[in-house]
Amino acid sequence: MVYFRLSWKMGKQMPQNIGEQRTSNEGFPFFSQLSDDIAIHIISFVSYAPFQDTSTIRMDPRGTLTHVFPFVCKSFYKLCRTSDTLWKDALSIMVKKEPEIWRAALDSLITGQPELQSPATRPDASSTSSNLSQAGTISSSRKITDSKNLIDLGIAALAKVQETPSVFAVNDTAPTMRLFRHLVKHYFRITGPVFYMPGQARLGQEFGLHFFEPRYRLLIEEVMAEEPSAHRHGMPIVPLKGRTFPQFIYANHSSLAPGSPACLVQVRQCSIYPDRRADVVLKPIAYVWLERIVVRPNSGNLCEATVTRMGQIASHAIEHSNAPFRGPASVYDTDLLRLGAP
2 MVYFRLSWKM
12 GKQMPQNIGE
22 QRTSNEGFPF
32 FSQLSDDIAI
42 HIISFVSYAP
52 FQDTSTIRMD
62 PRGTLTHVFP
72 FVCKSFYKLC
82 RTSDTLWKDA
92 LSIMVKKEPE
102 IWRAALDSLI
112 TGQPELQSPA
122 TRPDASSTSS
132 NLSQAGTISS
142 SRKITDSKNL
152 IDLGIAALAK
162 VQETPSVFAV
172 NDTAPTMRLF
182 RHLVKHYFRI
192 TGPVFYMPGQ
202 ARLGQEFGLH
212 FFEPRYRLLI
222 EEVMAEEPSA
232 HRHGMPIVPL
242 KGRTFPQFIY
252 ANHSSLAPGS
262 PACLVQVRQC
272 SIYPDRRADV
282 VLKPIAYVWL
292 ERIVVRPNSG
302 NLCEATVTRM
312 GQIASHAIEH
322 SNAPFRGPAS
332 VYDTDLLRLG
342 AP
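As numbered in my numbering, residues 2 to 343 make up the sequence shown, in order.
What follows is the structure in structure tokens.
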């Protein structure tokens, strides 16, 4: 955790470490006299957003823009909410470091595709990240190399999909901060029914399953509910315009608990029989971390989970490991974005 050591007012000091009280009168008493632009420039050297730190297996859900600076003083709180520069710089770095998550999320929003759509496959890529994507066409937004231009397109696209346009107009938060919240809520974090059975799954490699338990009969009926009848009776699924393949969470590791890895799978073919049993062909498209798990009432013990997408480091470890493994314990805050997260 970073502790900001500049004084906002004469005599007001921040502790260097938890439990340590500063007694000296060090600081910069004229910081409050600086313009917002200069203050933002200084802050930018140590500012970062949630999930921006990708140096470990699990991306850190905390960031100085949400968990440190807003608690320094009211002025910092305001800057963190209203400075588009800070948020755009942070998201731009994230797009470059984890394109399979953040660039794909922006592409999904800009092209009007469902938020759960995964990035397009690039067959000529030799890196592991090329395996973390699904088949599809390269959208025009992928031709944009400048991440900040892509973010601007995302902001414009978000303005068009807001349920109440006036809310977008009067909101006092930075446009890129609102965009970041949207991407976290609709792409990075996913909630859906869970099929639990330990086993191997590799991204892009289709496999078949037979659903016979009552809870999984309910799962496939729910997932396929909005699909045409032909797609529920064996015809290979071809997504309609503006839609993607039906999806659910496949918990294929031995521990069905927060912090365990799982994968997001697409239903590519499905046959539901009169007795509600079903045969399905599935394609894993992304690795995820189980975050929260609940058992639905009156569902025959069908679980529903909230998951977060896995970064390249963890995905690479799973893709190249023959043995299932469990990630570190979950450290996600129940209130992730302290500045008014959805």
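The C-beta atom is built at its ideal place from N, Cα and C for all residues, glycine as well.
- Using a 10 angstroms sphere on the CB of L241, the tally of other CB atoms stays under 16, which defines it as exposed.
- Residue burial annotation: F72 is exposed, with fewer than 16 other C-beta atoms found within 10 angstroms of its C-beta.
- The three-state secondary structure of S322, taken from DSSP, is coil.
- By the neighbour-count criterion, in which a residue is buried when 16 or more other Cβ atoms sit within 10 angstroms of its Cβ, E227 is exposed.
- Contact between T65 and G312 is absent: CB atoms are separated by about 19 Å, not below the 8 Å threshold.
- The distance from the Cβ of C271 to that of I221 is about 7 Å, consistent with a contact at the 8 Å cut-off.
- In chain order, F212, R277, R278 and A279 place their CB closer than 7 Å to the CB of R218, counting only its own chain and leaving out the 5 sequence neighbours on each side.
- In this structure the segment 79-97 lies against the segment 30-50, because at least three pairs of beta carbons, one per stretch, are closer than 8 Å.
- Assigned with DSSP and collapsed to three states, A202 falls in coil, not helix or strand.
- Here the C-alpha atom of S256 lies approximately 16 Å from the C-alpha atom of L303.
- Residue pairing for D280: DSSP places it in a beta bridge opposite H211 and S272.
- By the C-beta density criterion, M225 is buried, having at least 16 other C-beta atoms within 10 angstroms.
- In this structure, V308 and V281 do not form a Cβ contact; the two beta carbons are roughly 20 Å apart against a cut-off of 8 Å.
- Ranked by how close their Cα comes to the Cα of K97, the residues A202, K149 and P176 have K149 in first place.
- Here A106 carries a helix assignment [DSSP, helix/strand/coil].
- Under the three-state reduction of DSSP output, L291 falls in the strand class.
- The count of Cβ pairs closer than 8 Å, one atom from the segment 102-112 and one from the segment 174-191, reaches three, so the stretches are in contact.
- By the Cβ-count criterion, M198 is exposed, with fewer than 16 other Cβ atoms from all chains shown falling within 10 Å of its own Cβ.
- Under the three-state reduction of DSSP output, Q267 falls in the strand class.
- Taking 4 residues as the minimum length, the alpha helix (DSSP H) runs contained wholly in the segment 42-82 are 65-68, in order along the chain.
- The Cβ atoms of V162 and A306 do not sit closer than 7 Å to each other.
- Secondary structure at I191: strand, using DSSP grouped into helix, strand and coil.
- Leaving aside the five residues that flank P285 on each side, the residues in its chain whose CB is nearer than 6 Å to its CB run, in chain order, A202, L204, C264 and V266.
- Here DSSP, grouped into helix, strand and coil, assigns T245 to coil.
- Judged by DSSP secondary structure, V308 falls within the beta strand (DSSP E) whose first and last residues are C304 to R310.
- For I238, the closest C-alpha among the options M60, R269, D38 and Q248 is that of R269.
- Secondary structure of A231 (DSSP, three-state): helix.
- Here L184 has A106 as same chain residues with Cβ atoms under 6 Å from its own Cβ, once five neighbours each way along the sequence are excluded.
- Rounded to the nearest angstrom, the Cβ distance from I58 to A318 is 7 Å, consistent with a contact under 8 Å.
- With 16 or more neighbouring CB atoms inside 10 Å of its own CB, V69 falls in the buried class.
- By the Cβ neighbour-count rule, A157 is exposed, with fewer than 16 other Cβ atoms within 10 Å of its own.
- Around the Cβ of S36, a 10 Å sphere holds fewer than 16 other Cβ atoms; the residue is exposed.
- With a 10 Å radius around the Cβ and a threshold of 16 neighbouring Cβ atoms, Y274 comes out exposed.
- Here T177 is not near D61, since their CB atoms are 7 Å or more apart.
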